[in-house]
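Step one of this worksheet: look at the structure below.
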Amino acid sequence: MPKGRAGAKAFLRSAGDFFWPPRWLISGARGMGRGPLSPEDFARLRFISDPLCERCGVPLDYRTGDETWCVVCLARPPRWDQARAALIYDETSRRPVLDLKRAGRRDGLETLCGWMRQAGGALIDDAEVLVPVPLHYTRLVVRGFNQSGWLAQAIGAETGRKVLVDGLVRTRRTPSQAGLAGRARRRNVSGAFRVRKSRLAAITGKRVLLVDDVLTTGATLSACTRALKQAGARHVDVLVLARVVRETDVTI
Ligand SMILES: [Zn+2]
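Residue numbers (our numbering): 1416 to 1667.
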């Protein structure tokens, strides 16, 4: 883009922000400060940091050795190789997640992806291709966008990693996972994904990083991993913005 046009755009944006300040990502209040978060909002976010489960990224109370798996991963190792999340999904992080998913709010994308890059930097470095969890095409038509695709594209743009927005296809329209328990969720999405035929060559033998907004039970990400591995992906990691943490996950 020519410099003059970019400069004009930046000027219009700052003038617009002056007359109609953007809403902060968490509280929703209109703020005049720099950045999309108030200091109070930022302080309420619960970022995930060490010690955490090497395999699924859930925070642990303490580290017991070089390689630490949580009890859930020990009992039932996930299909993916490693998963990382930037935030614990709670009342605070819920707001930007839902704004992105339901309202298509994009102005916080850079900030959200910055947090994801911090949490999953090593996974991004190792990945040859980024693939978002897809929506069924009927849902995509109604909504007009896929928030996971936006996250993957934003991370790809910042890191230079290749992004295959249409690498995976959701072959059937699954009912919402909300309100379903673990086993029902797994059944709900079982076999609902496949790698697009035209993308097979770009995925076979590759290290893939699956990108999604929220990890709840991991059923959807597990079904996507299965499809990618069946298509010959050499390695599949998972990176999400936020993940649900249950009491049972953190006991070791
Ligand atoms: Zn784990």
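In this text, a Cβ means the ideal position worked out from N, Cα and C, and glycines have one as well.
- Per the DSSP secondary-structure output, I1503 pairs in a beta bridge with R1658.
- Inside the segment 1463-1549, DSSP marks whole beta strand (DSSP E) runs of 3 or more residues at positions 1498-1503 and 1544-1547, from first to last along the chain.
- Its Cα nearest to that of A1572, the residue L1524 stands out among T1631, D1628, L1524 and G1633.
- DSSP, reduced to helix, strand and coil, places R1461 outside both helices and strands of the structure shown, so it counts as coil.
- Assigned with DSSP and collapsed to three states, L1579 falls in coil, not helix or strand.
- Going by beta carbons, T1631 and V1659 fall inside the 8 Å limit.
- Per DSSP, R1622 is one residue of the beta strand (DSSP E) stretching across R1622 to L1630.
- Residue range F1608 to V1610 is occupied by the beta strand (DSSP E) that includes R1609, with no alpha helix (DSSP H) assigned at that position.
- For D1652, the beta-bridge partners assigned by DSSP are L1624.
- Separation of R1600 and L1550 (C-alpha to C-alpha, rounded to the nearest whole angstrom) is 16 Å.
- In this structure, C1488 has its beta carbon less than 7 Å from a heavy atom of ligand 1.
- If the five residues before and after G1564 are omitted, its C-beta is found closer than 6 Å to the C-beta atoms of P1547 and V1580, all from its own chain and listed in chain order.
- In the three-state reduction of the DSSP assignment, R1600 falls in the helix class, which pools H, G and I.
- In the three-state reduction of the DSSP assignment, R1420 falls in the helix class.
- Here the alpha carbon of R1510 sits roughly 6 Å from the alpha carbon of I1441.
- Bridge partners of V1584 according to DSSP: R1609.
- Taking a contact to require three or more Cβ pairs closer than 8 Å, the segment 1527-1538 and the segment 1499-1516 qualify as touching.
- Around the Cβ of K1424, a 10 Å sphere holds fewer than 16 other Cβ atoms; the residue is exposed.
- Comparing alpha-carbon positions, the option among E1506, G1633 and L1625 lying closest to A1567 turns out to be L1625.
- With a cutoff of 8 Å on beta-carbon distance, A1642 and L1583 are scored as near each other.
- If you check the C-beta of V1473 against ligand 1, you find a heavy atom less than 7 Å away.
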